[in-house]
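Residue numbers (UniProt numbering): 1 to 187. Note that beta-carbon positions come from the ideal geometry of N, C-alpha and C, so glycine has one too. Keep in mind the model is a prediction, meaning the values are calculated, not measured.
1) So, under 8 Å CB-CB, residue 70 and residue 81 are touching, yes? Tell me the CB distance rounded to an integer number of Å.
2) Can you tell which of 93, 187, 101 has the C-alpha that lies nearest to the C-alpha of residue 138?
3) Can you tell me the Cα-Cα spacing of residue 3 and residue 34, whole angstroms?
4) Of the choices 182, 76, 172, 60, whose alpha-carbon is the least far from that of residue 30?
5) Using the three-state DSSP reduction, which class does residue 113 fall into: helix, strand or coil?
6) Using 8 Å as the cut-off, can you tell me whether the stretch 141-161 makes contact with the stretch 92-110, which would need three or more C-beta pairs spanning the two stretches below that distance?
7) Would you call residue 120 buried or exposed, if buried means 16 or more other Cβ atoms sit within 10 Å of its Cβ?
8) On a CA-only basis, which of 51, 77, 135 is nearest residue 185? Give me that one, please.
9) Pull up the DSSP beta-bridge partners for residue 184, would you.
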């Protein structure tokens, strides 16, 4: 059962075209946001990957010796993302994975997990962050970002509390355009 039902629907797959476009690089540069936590050869998971914008960026950081799991519940959005991975030349690095609403279905250990504008859409965010904590290696990082105008500060703090209750420690509050964000580390 859901611990918090503030949000009870998924963003329709086609709406991702509105915010997943070339202008996004001006606001959300994956190298700038994640290079402190990712390096060549690492394994990362993009939870709620949408059309794969961040999955592609992370794949370019981890390189051909690394892996990125692009996880989403919507089959259609994963089809679009898979085409984008091929066009970007990272289809050998990024592994698309359709999860269930309650089970991510990726086992660790992994070095880095991202949920960018997606945790608030999970039917049970507590279960989701427990799965994230379980898949992370010790010293691995979880980067949580939520849309500032959609997820209010009080709810973001609740989400952060769920993450900390799962055993992760908040280590940073990065400034991310249009977002509220926090980075957590597994001890």
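This is what the structure holds:
1) 6 Å
2) 187
3) Because the pLDDT of residue 3 is 43, which lies under 50, any placement of that residue in the model is unreliable, and the number read from its coordinates should be weighed accordingly. Cα-Cα distance, rounded: 29 Å.
4) Residue nearest to residue 30 within the set 182, 76, 172, 60 is 60 (criterion: CA-CA distance).
5) strand
6) Output reads no: the stretch 92-110 does not touch the stretch 141-161.
7) Residue 120 is buried by the Cβ-count criterion.
8) 135
9) 142, 170
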